[in-house]
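One structure below.
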Amino acid sequence: MFKKISSVLLLLFLLGCSEGEKVPATAALSSPGGTPQLLFFLDPNGGPCMMQGRILASMEEDLRGQASIREIRTTIPEDRPLFGQFGIRGLPSLILVDGGGKEIRRLPPGVKSAEEIRFLLKELK
């Protein structure tokens with residue numbers, strides 16, 4: 001009996017240790033061509049986040065050629081580590097990062113106007 005229990009525990013231990021190598025969260029933020037990204041941390045079901053999404057969608061022309069928008073959602077398990085990595089405690093949150101995923105500047109949490117976002121993008125020039 002002890003042998004069976006030991007064998008099962010050993011098997012479970014080995015299965016737990018055999019996970020594939022995970023890609024660091026910052027590597028997932030790297031953009032091809034080194035294009036800066038505007039990280040948009042959101043809860044897709046939250047009213048303020050939906051409002052911020054509409055503002056960003058209306059700014060598509062302004063953002064073209066300057067930065068791409070990367071939505072980081074609470075509902076996507078692969079995105080969740082980024083909330084901790086960037087210390088996100090309030091939504092919506094916007095952070096400007098360079099092509100390698102390094103933070104340039106962030107805005108305080110809450111809905112931001114198009115004008116505030118344009119001012120943030122001036123950091124790229």
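Okay, so the sequence shown: first residue is 1 according to UniProt numbering, each after it adds one. Even glycine gets a Cβ: it sits at the ideal position worked out from N, Cα and C.
Just measuring C-alpha positions, the residue of G34, P48, G33 and T35 sitting nearest S93 is P48. The criterion of a C-beta distance shorter than 8 Å is not satisfied by G84 and S30. Residue burial annotation: F119 is exposed, with fewer than 16 other C-beta atoms found within 10 angstroms of its C-beta. Nearest in C-alpha terms to E60, of all of L38, R80, T75 and R73, is L38. Note: S93 is bridge-paired with F41 in the DSSP secondary-structure output. Between the beta-carbon of L96 and that of R89 there is about 18 Å, and that puts the pair past the 8 Å contact cut. Beta-bridge annotation (DSSP): S68 is paired with Q37. Secondary-structure assignment with DSSP links E103 through a beta bridge to V97. Where I117 is concerned, the enclosing alpha helix (DSSP H) starts and stops at A114 to L121.
The C-alpha of F86 is placed about 13 Å away from the C-alpha of T74.
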